[in-house]
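Heads up, the thing below is written out as C-alpha cells.
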Amino acid sequence: MAQKPSVPKGTRDFLPQTMLRRNHIFNTIKSVFVKFGYAPIETPAMEKTETLLGKYGEEGDRLIFKIMPRGRKQTKLMESGDLKMVEEALRYDLTVPFARFVVQHQNDLNFPFKRYQIQNVWRADQPQNGRYREFFQCDADVVGSDSLLFEVEFVQIYDEALSTLGLDDFTIKINNRKILSGIAEITGISDQLIDMTVAIDKLDKIGEEGVVKELTERNIPADAIEKIRPLFHFGQDNQENLNKIQTMLEGSEIGQKGVEELRFILDQIEVLGLRQAKLELDVTLARGLNYYTGAIFEVKANNLNIGSICGGGRYDDLTGIFGLKGMSGVGISFGADRIYDVMNELDLFPKLSQDATQIMFVNFGEAEQNFCLKKIKELRDAGVNAEIYPSNAKMKKQMKYADDKGIPMVALIGSQEMTDNVAKIKYLETGEQEDLSWDELLKRLKG
RNA sequence: GUGGUUGUAGCUCAGUUGGUUAGAGCGCCUGAUUGUGGUUCAGGAGGUCGUCGGUUCGAGACCGAUCUUCCACCCCA
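Here the first sequence is numbered in this note's numbering, starting from -10 and rising by one per residue.
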C-alpha cells in the first residue's frame, strides 16, 4: 500500500470504463467539427520556449512546464539559474502552437484555413477540482478571414456539440474586446484596460462592491469607476443590454465597432436558433488571455461549481507575433476533462459498450475450443467483436467474466451443439437462451 | 507562487483523553450449484494506518519534514 506507485500530481490514469466515456466526448466533438468543415492537424507536445513565452502574460509564463536541457547545458543552467538556457517547453494550449504552425506552413495552406486539433496540454498549476496539470483541449480555429460568420458558426458548434452530449443547461457567454476597449476609452483609462477587465470580470464572484474595491486598489480613478458602474446592473435581455452599451459607448469608435459585431452575431443566432444553449451578452466577460481582439466566448455549465468548460475568441494579431501580418483568426476550445466531470456529475453518459466485445464464447475444453476459434475467426472477419474465455474454467467463473465486462451475449458451444451445428446463445441481460444457426447468429450480431 | 485542508483494506469510511492481536459496509476469493452470470446463504483472504524522522515505557492518534488530495487567492479548460 505505502509502496504503491503513483502518478505526478494533477495527472491521471484512465481505466477502460473511463476511456470509453472520454472517447465518446472526443468523438462527439470531433464529428461536429468535421460537420462544419474543419480538418485535423497535430503539433508536437513540446515547442521551443521562445514560441510559447510571452504569449500568455506573466502568469501564463510561470505556468509553462519548462523542459530541463541535457548535458553541458543542464550544468550551465544549474550554475547560472538563467532560464534562457531552457530551450524547450510543453505546450500550454493549442492556439499558440497553431499560430506557429500557420506561419510555418503558410505556403501549404488554403485560406481561410479551418482546423481542429484534439491533444493534451500541460500547465504547472496547483491542481483543484476540475483543474489538472495535464488535460485535453478540443480546439477549432479558422485563420485568414475576418468574417463574422465564423463567430456565428462557433456559437452553433458549441451548441450542437454540448447538446449532443446531453447537456441541457449551459450558457454561452459572449462579449467583445472592442467593447472593453471602448469602455476604457470613454472613461479615460485606456492605459489601464487590463486592470479594468481583470477586475470587472469578477463581478459574478465578488459582486459589485468587491469589483469597485478591486478597481480602486488597481488605481482606477473614482470618476471612471462611477462611469463603469451601470455595467453591473445589466438585465437578462441581450438586445436591451446591447442598446444600453451602445448608448454608453457613444463617441468611442472602437466601442461602436464592438457593438456592431455583437449585434450581427446575436441577430444571426436569433434567426438560426439554438438547441439547448442560452446565449448571453455579458459585458463584464473579459478572459485573461491578452491576444483576443474581437469576440470573446466562454461556456459555463449552470448550477455546478466547476470553472468554464469552453473558451474562445477572435485574435487579429496572433500570427503577427510570428511574422505573418494581416491574418485574422477566431477559435474555440472545449475542455474535455471538465466536460467529463460535468457529465459525470449529472449522470449524462449513455451506456457505452458498442466498442467492446459483442459476444464471448465459453470454453468447454480443447475440442470445443478449437471449434470455437474457427467460428470466432469467421465472426471477426465479418466485423464482429468476439472473444473466447482463455481456459476451461468453471462456468460460473466464465459467466461472471462476461457479466462483469458487460458482454451482452455468450455462446455456449459444447459437444451437443457441435454435433447439431447450432450456436446456443445466452443473452445476459434477460437471461434468455436460444439455439441459432451460425448464419442467424451473424445476422443478429450485425443487425 | 501564498494560505489552509486531507491521507486507515480494492472502494466508502469508523477508530473515544496516545495503552495488548486496527474495525464495518461494499467489493474480491471459495463453497452450496462439477453446462449457466446478475439474487440468497455459509466460509475466507486482504492493512508495517501516505512516506521519512522525532517525542514517549508505549504512536493510527502528538510534533517536524515531505508527497498527495481538496479548498481559497492567482489564473484558467
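Virtual Cβ for every residue (Gly too), placed ideally from N, Cα, C.
Local conformation of residue i per DSSP, three classes
i: residue 304; result: strand
i: residue 197; result: helix
i: residue 15; result: helix
i: residue 149; result: helix
i: residue 321; result: strand
i: residue -10; result: Low per-residue confidence applies at residue -10: pLDDT is 39, beneath 50, and the placement is therefore not dependable, though the value from the model is reported in the following sentence. Residue state, collapsed to three classes: coil.
i: residue 1; result: coil
i: residue 270; result: strand
i: residue 160; result: strand
i: residue 117; result: strand
i: residue 429; result: helix
i: residue 217; result: helix
i: residue 359; result: helix
i: residue 170; result: helix
Limits of the unbroken beta strand (DSSP E) element including residue i
i: residue 100; result: Counting along the chain, residue 100 falls outside any beta strand (DSSP E), and DSSP gives it neither H nor E.
i: residue 286; result: 284 to 290
i: residue 416; result: 412 to 416
i: residue 388; result: Residue 388 -> not in any beta strand (DSSP E); alpha helix (DSSP H) instead, spanning 384 to 393.
Sheet register partners of residue i (DSSP bridge)
i: residue 29; result: 105
i: residue 35; result: 79
i: residue 130; result: 104, 320
i: residue 399; result: 349, 415
i: residue 125; result: 109
i: residue 55; result: 78
i: residue 279; result: Residue 279 pairs with nothing; no bridge assigned.
i: residue 165; result: 284
Close Cβ partners of residue i (< 7 Å) along its chain, the five nearest in sequence each way excluded
i: residue 282; result: 166, 303, 304, 305, 306
i: residue 297; result: 287, 288, 289
i: residue 38; result: 55, 75, 76, 77, 78
i: residue 90; result: 30, 32
i: residue 65; result: 74
i: residue 426; result: 411
i: residue 176; result: 213, 216, 217
i: residue 234; result: 168, 248, 272
Member of the options whose CA lies at the smallest distance from the CA of residue i
i: residue 107; options: 252, 124, 113; result: 124
i: residue 221; options: 243, 402, 198, 211; result: 198
i: residue 211; options: 235, 178, 375; result: 178
i: residue 255; options: 25, 50, 145, 103; result: 145
i: residue 148; options: 233, 262, 370; result: 262
i: residue 103; options: 325, 321, 171, 403; result: 321
i: residue 376; options: 383, 382, 365; result: 365
i: residue 8; options: 429, 379, 359, 326; result: 326
i: residue 170; options: 422, 299, 274, 432; result: 274
i: residue 25; options: 100, 139, 418; result: 139
i: residue 351; options: 173, 295, 384; result: 384
i: residue 415; options: 300, 399, 408, 429; result: 399
i: residue 432; options: 355, 135, 367; result: 367
i: residue 129; options: 94, 118, 83; result: 83
i: residue 314; options: 132, 252, 244, 186; result: 132
i: residue 394; options: 417, 409, 403; result: 417
Residues of its chain near residue i, where Cβ-Cβ distance is below 6 Å and the 5 sequence neighbours each way are ignored
i: residue 223; result: 230
i: residue 5; result: none
i: residue -10; result: Summary for residue -10: the model assigns pLDDT 39, below 50, so the residue's position carries little reliability; its value from the coordinates is reported in the next sentence. Answer for residue -10: no residue qualifies.
i: residue 413; result: 401, 406, 424
i: residue 373; result: 347, 434
i: residue 280; result: 304, 307
i: residue 391; result: 349, 399
i: residue 126; result: 83, 110, 322
Residue i - containing alpha helix (DSSP H), residue span
i: residue 253; result: 242 to 261
i: residue 69; result: 61 to 69
i: residue 331; result: 325 to 334
i: residue 274; result: Careful: residue 274 lies outside any alpha helix (DSSP H) and carries neither H nor E.
i: residue 233; result: 227 to 237
i: residue 185; result: 182 to 189
i: residue 421; result: Neither: residue 421 is in no alpha helix (DSSP H) and is coded neither H nor E.
i: residue 375; result: Careful: residue 375 lies outside any alpha helix (DSSP H), inside the beta strand (DSSP E) at 375 to 377.
i: residue 135; result: Looking at the DSSP string, residue 135 is not in any alpha helix (DSSP H), and its letter there is neither H nor E.
i: residue 207; result: Counting along the chain, residue 207 falls outside any alpha helix (DSSP H), and DSSP gives it neither H nor E.
i: residue 404; result: 404 to 409
i: residue 88; result: 84 to 93
Close Cβ partners of residue i (< 8 Å) along its chain, the five nearest in sequence each way excluded
i: residue 0; result: 121, 122, 123
i: residue 265; result: 148, 151, 152, 156, 157, 158, 159
i: residue 358; result: 352, 377, 381
Proximity test, residue i beta-carbon vs the ligand PLP heavy atom, cut-off 7 Å
i: residue 10; result: This structure lacks the ligand PLP; in fact it carries no ligand of any kind.
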